[in-house]
Structure formats: C-alpha cells, structure tokens
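See below for the structure under consideration.
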Amino acid sequence: MRTSQMLIPTLKEIPAEAEVVSHQLLLRAGFIRKVAAGIYTFLPLGQRVISKIEKIVREEMDLAGGQEVILPIIQPAELWQESGRWEVYGEEMFRLRDRHHRPFCLGPTHEEIITALVRSEVSSYKQLPLLLYQIQNKYRDEPRPRFGLLRGREFIMKDLYSFDRDEEGLKESYAKMYRAYSNVFRRCGLRFRAVEADTGAIGGNYSHEFMVLADAGEAEVAFCPACDYAANIEIALARPQNKGRQEEIPAKLELVPTPGCQTVEEVASYLQIEPTKIIKTLFFKADGRLVSVLLRGDRELSHVKLMRYLGCRDLHLAAPDEVKEIAGAPTGYVGPLGLKSIRVIGDLEVPYMVNAVAGANREGYHYMNVNAGRDFELAEVADLRQAEAGEPCPRCGVPLERKRGIEVGQIFQLGTKYSRAMGATYTDPQGQEQYIVMGCYGIGISRTMAAAVEQNHDASGIIWPLSIAPYQVVVVPVSNRDGEQMAIAESLYYELQQAGVEVVLDDRDERAGVKFVEADLIGYPLRLTIGKKTIQEGTIDLKWRESGREIALPWEGLARRVKEEIENVLKERYGR
RNA sequence: CGGGGUGUAGCUCAGUUUGGCUAGAGCGCAUGGUUCGGGACCAUGAGGCCGGGAGUUCAAAUCUCCCCACUCCGACCA
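The structure is reproduced here in structure tokens:
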C-alpha cells in the first residue's frame, strides 16, 4: 500500500481526552478514533493490528482443538432469566426491546447462548469434550469507561467455552487453554504473568488471569520473583507477619482521650505510635447484614477475600449512622471492646497484636493496651487483608513483588453452574444422564492491542512487536520528486511485496523529516530509507525501530535479505 | 450514583472574571512560491448555530436556569 492513498490521520498534539499513553499514541498515530465514551472506530492501521492479534489467537485456539463459531450479539432475555443472571447483571447490561416489546440485551458475554446451543445439540458422551470459540464484540455498559481501549463499553473479545464429561476433563481443557494463552501473549510480544484470580460474577471455582505488567493497569498483582507463585492482590495469600512480636508483655488496659482523631494516621500521630499498633475496625453491610472486620492499622482490606469468606454477593461499607447505632460512637472511635450483637471477624494478624490501640466506642476516646482474647473475644479469624510488597512468598519465602497489571485474559473453571441452571446434560456410557462440566476462557483482543502499546513505546511513539505490527516495513524515499530514488523505491517495494513482506511505500510529497517522525510515531518495526546515498553508493539504510540500530546495505538483493531477517525474528521471538 | 473540571474551526487552546467593534492564535487543510535525510518557510484562502434549550438585556461566547456530552476522583463492577 502507498501512504499517499491511505487513511492515516496522525495528530501532532495529544488529544485532551487521552490520559494514558496507549490511548494517546493510538489516537495520535491514527489507529483509532472515539465515537462515544468507551466506543471506538478502528481505522485501517488499527484494524490491521486487531487482525494480526486475532490471527495469532485463532492459530492457538485451533491448535488446542477449538472450533470457531459466531454467536449472536443480540440475545433474548429468556436465556438470561434461566441462568438467573438477567437480574444479577444489573445496569452493566445494555438492554433493548424489539418491536413486539420483547426484552433483549447486547451480549456482555455468551455463557447462556453457548450453553443453550450445546444442550440442544449435544446429548452423548461421545460428543465430548468440545471446545467452541468466537471472536466478536462484547457490550458492557461500564459505569466508568476510561483509558481508551483499556476499558471500553464495546470491545473485541475472544471467548472460548469448554464442555467436558467430568472434572478430570475440565482440568485438561483448562490446562490446554492455560498453555494456549501463554503462547498467545508471548507471541504478541507481551511481558505477562498468569496469576491466580477471583471468579467474580462469571461464577465457578478456579481461575487465572493473564496480566500484562504495566503502570496503566487497573489491577494489582503480587508475585514471587523466585518461584511461580503469582496472584491477583484481591486473593493473594497474606500470612500474619507479626508472629514474632509476642515477647512484649500485655499491659493494663487504659482509656485515653483522642480528641479529633478519626483516622488511623491521626490516632497514630496523636498517641505517638506506629499504625501497626492500631486495630482498625470496619463495618460492612453484607447482603443486608452488618458485620465488623478488624485489621491491623496499616493494612488494606481485600473486599474479595471478605466476600468469599462471608459467601455474600453484595458488600459495601456501612453508612455512618448504621455504625453509630450499633457501636454507640461515630466512625473513627469504634472498636471491638464491648461490641454486641454483631459478627466480628479479625484478620489473621489481629490475634498476634499485643498492647494495641482500638476505638473505645465512645466519641473522642481510644483504648490502649488492647489484647485480643483478654479484652475482647475474637471467635473468627481469616485471611482478609491485601498482601504487601516485600513480605515473604507463601510458597518459597522470597520477598514478594507487587505491581500493576492489565488483565488481558482470564480463564475459569465453571463446573456445572450453567449446565445445571440451564439443563445441559449428556448421557454417559452407562446410560446415566450427567451435567456437562464447563469452562470459559476470554481474551480481550482490543485491550491486548492497547496493552502492547503500554509496554512497547518510547518518546517518539509506538514500537510494535513485529508479530502484531500493522505493517512490517516502511519504505521511505527521501524525496519523491527524485526520479531515481523513486524508481529504486518502487522496485524495492515491488520486490518486498513479491517476497510476501507486509510493506508500505511512503510516496507522499513530504519532507524526509515528516516521514521519519510519522514512521516512528506509527511504529513500523523496520524502515528502509532511500536517499542520495542510495544513488551514489548503492546502499539503502535499514533501521530497526526497537533498537534504533541503523545499517547501510547494498540495495540489490535487499528484499530477499529483509524477508529472511523478518522470518527469523518472527520465528525466534514470536514463534510457537 | 456522589464530587470536581471542560465544552469556542479537523486538533491544541486564548477570549468569559468586568456583556459592547466583523470571534482570535498556532497546527492541520487548499492554492502559489522557496526549501528538501528528523513534524521547514513565505503569501493568499476556505473553514465557527461559541454543546443544546429557555430566559435577562438595547445588546450574550460572556449573566441566570434547565438539559446534554466529554473527562478526572470516588462509589459501583468485585
């Protein structure tokens, strides 16, 4: 393709709406344009990257035994009512009615549709296992779309569903997908970690997320630099870190005034103690019931851990007046001493806290020298806090790292949640009816594109991994008015095309500087420059975007050489 | 949903506080010329319901009210 005929609207300035670098660069380099909040058009270059990611995904899914289908975007409410999710999904679902006022939704995911398909078409164990997938738009009316392609309301997703005879089969399918996903993201040139994850609204009991490590990520992961332990911070194991401090002798309980001290920081600085000495008491409403949670003052609660422990579906902080009613004091002065008629759950560290400080359930006062067991009963303890960087890995003891990540894929073992709800069964060899055991596996295709930019860019623009670059090579004649240069450029362009290289020819009547700057911004992995030197010395400058390495090579036979080099890199760095 | 910010040319923004000439700049675009290996320069030109509606006023981009969109923080998603 010739750039003079292509739609590549680059921008010199950063659009005001874009906050994160992938959003800025994808807009500036002419890959995407916004249509509404969280809804984007993919321009020709953007579409090519999407296609390339999809191609890698298809290869890996097909090699793992997947079969591609296309499921409808518009889905009838009845199926969602069967699974029980029509109500559960809430406002995140785009809902609509047809001309007969029948309710539908735009598919946020496809468990219902695929389960309905399989229950009517699969009836024998001989038809299992089955792996079906599609690549298609998904619709989720996010309360707050942001960061361009990283959190959209319409986005491109690959979703695969596995159907097995039993748990054993599910584990195999899951393992296959785990490997396939690792291949996909490696081949896309991403640095990622597979982490243990919560199952959330999708349901099921076992899950991994594939996280691309990047500061723009909305999730946090804890991982071990030495062993393979890695988990979403929501569920990463957090063992008590204060066991060794028990040499301190419990002292006498003491009521102290703490006027105007409502936060952990205020109390700590007023009493001249470390936040680690404070017992933080939080009140939550879990499915409508009040519970209280005790945590060391410097720790952060994991909502997911608490929800899992309580087995509740809805969890939010209690309102201040609810807290006052049950504790007799406003938030900031509440504590476990004398708390009645409310369930109290402590984090694993709380029993080890000696001579702690806690709210006195009296406005303006805290207790000092509080000890669990002596001063209050702590019947329930559980792992409820977020793991911190630096604490020992729960598997091997090496200090954990904690980083932000972009979730580009997630795999779930669903079990029989949907097959039971929707009656998807098969007949086993003994003639008995059994529920099909399911798994589901998603890859955010458009999000992967943004994640690749987050990880691969510099001050000049995008640095596409060769495997997903919109084009592999740009040929830049320094002057398109120089007939000799253009003749060489044209023939090189032709030869590269003949060799099967994905190439564009920048034949625009622009100054060389403009072409170089835009080539860098767009991020073509390889640039071939034809200038006066080419005429005089017979060489063409070959420059890799990633390393900046530039070498002059004789232009005769260059196309074949470039093709070989591209093949090598694709094979060695991005191959299977 | 709560709180903040912003809506003026394709893009980035002045102008709004204190109402008043024909609404501006840079970039981009078109035409002509000079330039030509890292976003050149000169000249000319096109391009605006100043987010929308209602009001106040002799007069509204500017003041008031309502609505909408975008965006950030939080809640939600979990």
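Counting the first sequence from 1 gives a position; this note's numbering is that position plus 136. We treat Cβ as the ideally placed atom computed from N, Cα and C, and that holds for glycine.
Alpha helix (DSSP H) containing residue i: first to last residue?
i, result
"K294", "Segment 290 to 300 is the beta strand (DSSP E) holding K294; no alpha helix (DSSP H) there."
"M313", "303 to 323"
"V343", "The sequence shown places Ser at residue 343, rather than the Val named in the question. Here S343 belongs to no alpha helix (DSSP H); instead the beta strand (DSSP E) covers 342 to 349."
"T251", "247 to 257"
"P180", "180 to 199"
"N704", "694 to 710"
"Q522", "No alpha helix (DSSP H) contains Q522, which DSSP labels as neither H nor E."
"R445", "For clarity, residue 445 is Tyr in the given sequence; the question names Arg instead. Y445 -> alpha helix (DSSP H) spans 439 to 446."
"V157", "157 to 164"
"Q217", "213 to 219"
Judging by CA-CA distance, which residue of the options is the nearest neighbour of residue i?
i, options, result
"I371", "A523, R583, L306, D656", "A523"
"G201", "R315, A172, G288, G220", "R315"
"Y275", "G174, K262, R194, A252", "G174"
"V639", "K539, T665, R289, V653", "T665"
"Q263", "T563, R644, D642", "T563"
"M347", "F328, N341, E332, C360", "F328"
"V157", "C397, D642, D594", "D594"
"V392", "H502, E290, S438, C360", "H502"
"E692", "E631, Q160, R681", "E631"
"E228", "G424, M137, G288, K441", "G288"
"L296", "N341, I209, R194", "R194"
"R444", "E458, E410, A518", "A518"
"A560", "G353, E247, I702", "E247"
"S260", "E569, L694, C532, L446", "E569"
"S298", "M574, A374, R479", "M574"
"E303", "N341, G284, P281", "N341"
"E218", "P613, A557, D364, V698", "A557"
"I150", "A165, R282, V506", "A165"
"A358", "D677, R184, M313, E527", "E527"
"V205", "V254, R235, I168", "V254"
"C324", "G636, A648, V544, E701", "V544"
"T417", "I409, D483, L286, A362", "D483"
Below 8 Å on the Cβ atoms is my contact criterion, and I expect residue i with residue j to pass it. Report the Cβ-Cβ distance as a whole number of Å.
i, j, result
"L267", "S309", "7 Å"
"I671", "Q621", "7 Å"
"I271", "I292", "7 Å"
"E345", "N368", "6 Å"
"P601", "Y710", "7 Å"
"D656", "V610", "Their Cβ separation, rounded to whole angstroms, is 10 Å, which puts D656 and V610 out of contact at 8 Å."
"R435", "R538", "No, R435 and R538 are not in contact; Cβ-Cβ is about 13 Å, not under 8 Å."
Residue i bridges to which residues according to DSSP?
i, result
"Y365", "None, per the DSSP bridge assignment."
"L664", "V611, L678"
"H452", "K421"
"M142", "In the DSSP output, where bridge partners are listed per residue, M142 has none listed."
"H502", "V392, G495"
"L632", "Answer by DSSP bridge pairing: none, since L632 is not bridged."
"L431", "K416"
"M574", "F299, G551"
"Q263", "Note: Q263 sits in no beta bridge, so no partner."
To the nearest angstrom, report how far apart residue i and residue j are at their CA atoms.
i, j, result
"R584", "V493", "It should be noted that the sequence gives Thr, not Arg, for residue 584. Taking the straight line joining both Cα atoms gives about 47 Å."
"Q731", "V403", "Residue 731 is absent from the model: the chain starts at 137 and stops at 712."
"A605", "R685", "18 Å"
"R301", "Q549", "13 Å"
"I414", "D334", "29 Å"
"Y660", "E257", "46 Å"
"F230", "A422", "27 Å"
"I624", "D618", "10 Å"
"E590", "F321", "14 Å"
"M489", "R432", "8 Å"
"D277", "G674", "58 Å"
"L514", "P530", "25 Å"
"I192", "A508", "56 Å"
"T552", "L662", "50 Å"
"E703", "G597", "24 Å"
"P212", "A252", "12 Å"
"Y365", "G495", "37 Å"
"E461", "K148", "58 Å"
So the beta strand (DSSP E) residue i belongs to, where does it begin and stop?
i, result
"A422", "415 to 422"
"Q549", "537 to 551"
"K170", "168 to 172"
"Y406", "Y406 -> not in any beta strand (DSSP E); alpha helix (DSSP H) instead, spanning 400 to 407."
"F652", "Unbroken run through F652 is the alpha helix (DSSP H), 648 to 658; no beta strand (DSSP E)."
"A355", "355 to 359"
"L484", "Note, L484: premise wrong, no beta strand (DSSP E); not H, not E."
"L147", "First-last for L147: undefined, no H or E at that position."
"I581", "From DSSP, I581 is part of no beta strand (DSSP E) but of the alpha helix (DSSP H) over 581 to 591."
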